[in-house]
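All residue numbers for the sequence shown refer to the UniProt record's numbering, where the first residue is 1 and numbers rise by one.
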Amino acid sequence: LCNGAKDCEDGYDEGVHCRELLSACHELRCRYGCIMTRNGTFCFCADGFEVGEDGTSCRDHDECAMYGACSQTCTNTYGSYRCSCTEGYILQPDRISCKAKQDPGDSPPVLLIGGSDRVVISHLNGTGLQPLRSLSVNGTLALDFQHSQESVCWTLSTESSGQLRCAVMRNLRGLTQEKEIRTQLSLQHVEQMAIDWLTGNFYFVDRVTDKIFVCDLGGETCVTILQLDLLNPKGIALDPLMGMMFFTDYGTVAKVERCNMDGTNRTRLVDYKIEQPTAVVLDVVKKLVYWADAYLDYIDVVDYQGRNRHTIIQGNQVSYIYAFAVFEDYLYAIHSDPSKGSSTVELLQVHRFNITEDSRTLASLGNSRGVHIYHKLAQPKVRSHACEMDSYGKPGGCSHICLLSGSYKSKSCRCRIGYRLGYDGKSCKKPKTDFFLFYGKGRPGVIRGLDMNIKSDDEHMAPIEDLVNPRAIDCHAEIGHIYFADTTSFLIGRQKIDGSDRETILKDELDNVEGISVDWIGNNLYWTNDGYRKTISVARLERASQTRKTLLEGNMSHPRAIVVDPINSWMYWTDWEEDEVNDSIG
C-alpha cells in the first residue's frame, strides 16, 4: 500500500510504482480517496461508508447488516449506526452489549440443568450448584420451565414408561407442590420437550415414532403436529411471540426446519454443510436460530428465514453438544469432550458475537443433558394472545386445544383423538359414524386410525405404540377394541380405540401369528400360527389364555391370512404352499 510507511521490511510496497500510479489515481476521480498498490489503483471511502457500484462514489454502509454489530437492536445512521436494547435490558458502556436489569426483588438469572439422575440450578458462571430434585430412576430426561407460573417441568423416559412431572420453584429455593401430569399419548420415548410459555402447552419429540406432538397443560388432549419426512428428530425450540417452532432432524436429509406451532407452513432453513444437528436454541429478540452439529463439530447461526449463516465456534471444544441456552451475549452449552473420556460432561460458555474470545469451561456436570436460562426475560410476555381463556373457560374458544400459529395473535384449534373439528373451526364433535381405516406398520411398530371421510391430520383412534412388528390386526366395533398380533414379540394384545385398557391376552405358544380375525357375534378370536407347528386356533375374547383351543394342525405349508363369517358360520384362510421349483434353485 502506497502510504509513505514501509509495510514490507525491504520497502517493496513503497517502490517506484507509487509514483507511476499517481496519474492513474487522478484519472479515477475518487470521491473520497485513492489507494495505490502493486495490483493497481482503487477508490476508498471514510469509515461508515463503502464504494458505490460505479467504483468511485461513496454510499452509506449498513453496519446493522453485519452479524454481531449490536447485541440486540441496531439502527443504521448516515455514516454510522446506533445500538439499543429492548425493555428489561441496559446498554453497556461499550455502546454495543445489553445486560439484563436487576430490579429490587428480582431473582437473578440462573442455569437450570437436568440430567438422568437429578435437576440442579447454578449461577451463570457455573458456581453455586444447588440440587433441586434427585431422580430415583435413570432414564432420558428432558426439561423446561414456565417462568410466569414459577413452574419447572420434566419428562423422565425409561425402557418401560414415561412420565411428565411439574413443580413450583419460588425464589430459586427448591421445588414444591410436585405433581404428575398424565398425558393422552405415551411419553415413553420422549427425548426433548419445550413449553409454550404463553399457553402452557407442552411440545414433545419422540425418538422412536419419529414425531413431534403437543399436549395441553392438563395433558387431556394431545395431537401429533409433525410426522411426515421426520426420520430422526432431535432438538426443538419455540418462539410463541412469532407462533413458530424450530427443530433439527438428521434422518435421510440432515436439516434445520421451521413451522408454525400448529405444524403448518413448514419451511426448511438449512440442509447443506450439516450432518448431525442436535440441539437448537433461539434468540427471540434478534430472531436468530443457533444449532450444534455433533459430526462436524460446530455451532452455527441463521436468521428466522434461514439467511445470513455464520459459524460461532468450531472444533473439539464443541465435539458433542447435548443442549445449549442463550442469554445476553453468551451461549451456555452442555457437551462431552472425547479427549477427556466419553463420561465427561462439561458446561461451556461461548461468546456468540466475539469469535476471538476463547470459550470457557465453567463446570463438570456428570451425566447432564439439558440446560435452560431460568429468568423472566428468557420468556417475554405479551398483554394478551389468541389462546387466552374465553368466558366459558375454553382456550381461544377451542373445545379441546388451542395452538398459536404464525403469531401470538393467531391460532388454530385441534381436537383430541376420535373427534372432528366443526365447521366453525373451534368446536370438536364425535363423528356420526365410526367408519375409519386402521393400519399397522413396523420400524417403529405402531397401529393408527385415519378418518376416511375427510382430509385431516387428526388421528381417529389413539395409536397403539411400542410394538415391534404388528403383522395382523382386527377390531370388535361394538365394544371398541382393536386386536393385534405382534409377531416379533410373540403376543396377541388389544387396546380400546380411546387408548385405554391396553393388555396382552395371549403370550405362550405363538411362534409366528400371521393372521387374526374377531368373531363379533360369538366373541371369539381366531388366529393362524406359521411357526414350528402349523395351526389355526380359537379362544374366547375374555379369559383367552384359559379357553384357547387348536382347531386345525398340520397338512398346511404356511397358514397366514384368516377371516371369519360368523353370520354364516364359515372360516376362511390362506395357505401359502412351497414352490418346489423355485426352492430348488440356489
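The C-beta atom is built at its ideal place from N, Cα and C for all residues, glycine as well.
Residues near residue i in its chain [Cβ-Cβ closer than 8 Å; skip 5 each side]
| i | result |
| --- | --- |
| proline 395 | Thr199, Asp216, Cys387, Glu388, Met389, Ile401 and Cys402 |
| glutamate 542 | Asn523 |
| lysine 179 | Arg165, Cys166 and Ala167 |
| aspartate 498 | Ile417, Gly418, Met461, Ala462 and Gly480 |
| leucine 111 | Ile121, Ser122, His123, Leu124, Gly126, Ala325, Tyr332, Leu347, Val371, His372, Ile373 and Tyr374 |
| glycine 531 | Leu510, Asp511 and Asn512 |
Close Cβ partners of residue i (< 7 Å) along its chain, the five nearest in sequence each way excluded
| i | result |
| --- | --- |
| tyrosine 81 | Glu63, Cys64, Ala69, Cys74 and Thr75 |
| lysine 411 | Ala386, Cys387, Gly396, Cys402, Leu403, Leu404 and Ser405 |
| glycine 126 | Leu347, Leu362 and Ala363 |
| threonine 56 | Leu28, Arg29, Cys30, Arg31 and Cys43 |
| serine 517 | Asp474, Tyr526, Ile562, Val563 and Val564 |
| leucine 91 | Cys83, Ser84, Cys85 and Cys98 |
| lysine 429 | Tyr419, Arg420 and Gly422 |
| glutamate 357 | His351 |
| glutamate 20 | none |
Buried or exposed by the 16-neighbour rule on C-beta atoms within 10 Å, applied to residue i
| i | result |
| --- | --- |
| threonine 176 | exposed |
| lysine 432 | exposed |
| serine 71 | buried |
| glutamate 328 | buried |
| arginine 416 | buried |
| phenylalanine 435 | exposed |
| serine 557 | exposed |
| glycine 440 | buried |
| methionine 36 | buried |
| lysine 273 | exposed |
| glycine 554 | exposed |
| tyrosine 330 | buried |
| aspartate 196 | buried |
| alanine 477 | exposed |
| threonine 155 | buried |
| alanine 46 | exposed |
| isoleucine 585 | Note on isoleucine 585: pLDDT 41, under 50, position unreliable in the model; no value is reported. |
| serine 384 | exposed |
Residue i beta carbon near the ligand GDP (any heavy atom closer than 7 Å)
| i | result |
| --- | --- |
| tyrosine 332 | The ligand GDP is not among the ligands present in this structure, which contains no ligands whatsoever. |
Simplified DSSP state of residue i, which is helix, strand or coil
| i | result |
| --- | --- |
| glutamate 87 | coil |
| asparagine 529 | strand |
| alanine 100 | strand |
| threonine 77 | strand |
| alanine 378 | helix |
| alanine 46 | coil |
| serine 57 | coil |
| leucine 143 | strand |
| cysteine 34 | strand |
| leucine 541 | coil |
| asparagine 524 | strand |
| serine 23 | helix |
| valine 318 | helix |
| leucine 28 | helix |
| cysteine 70 | coil |
| glutamate 63 | helix |
| cysteine 398 | coil |
| histidine 481 | strand |
| cysteine 387 | coil |
| cysteine 153 | strand |
| cysteine 215 | strand |
| cysteine 476 | Residue identity differs from the one stated: residue 476 is histidine in this sequence, not cysteine. Looking at histidine 476 - three-state DSSP - the assignment turns out to be strand. |
| histidine 123 | coil |
| cysteine 428 | strand |
| valine 17 | In the sequence under discussion, the amino acid at residue 17 is histidine, which differs from the valine named in the question. Reduced to three states, the DSSP call for histidine 17 is helix. |
| isoleucine 373 | strand |
| valine 137 | coil |
| valine 280 | strand |
| glutamate 275 | coil |
Boundaries of the alpha helix (DSSP H) in which residue i is found, first to last residue
| i | result |
| --- | --- |
| histidine 147 | No alpha helix (DSSP H) contains histidine 147, which DSSP labels as neither H nor E. |
| alanine 462 | Per DSSP, alanine 462 belongs to no alpha helix (DSSP H) and is neither H nor E. |
| alanine 544 | 544-547 |
Nonlocal neighbours in the same chain, by C-beta distance under 6 Å from residue i, ignoring five residues either side
| i | result |
| --- | --- |
| valine 502 | The question names valine, but residue 502 in the sequence shown is arginine. Hits under 6 Å: Gln495. |
| threonine 488 | Val468 and Asn469 |
Span of the beta strand (DSSP E) around residue i
| i | result |
| --- | --- |
| arginine 165 | 162-169 |
| leucine 112 | 110-115 |
| glutamate 257 | 254-260 |
| cysteine 413 | 411-414 |
| proline 131 | 130-134 |
| threonine 267 | 267-270 |
| methionine 571 | 570-575 |
| proline 559 | 559-565 |
Item checked: beta strand (DSSP E) segments (min. 3 residues) lying fully within the region 168-193 -> Counting only runs that start and end inside the region 168-193, the beta strand (DSSP E) elements of at least 3 residues fall at 175-181.
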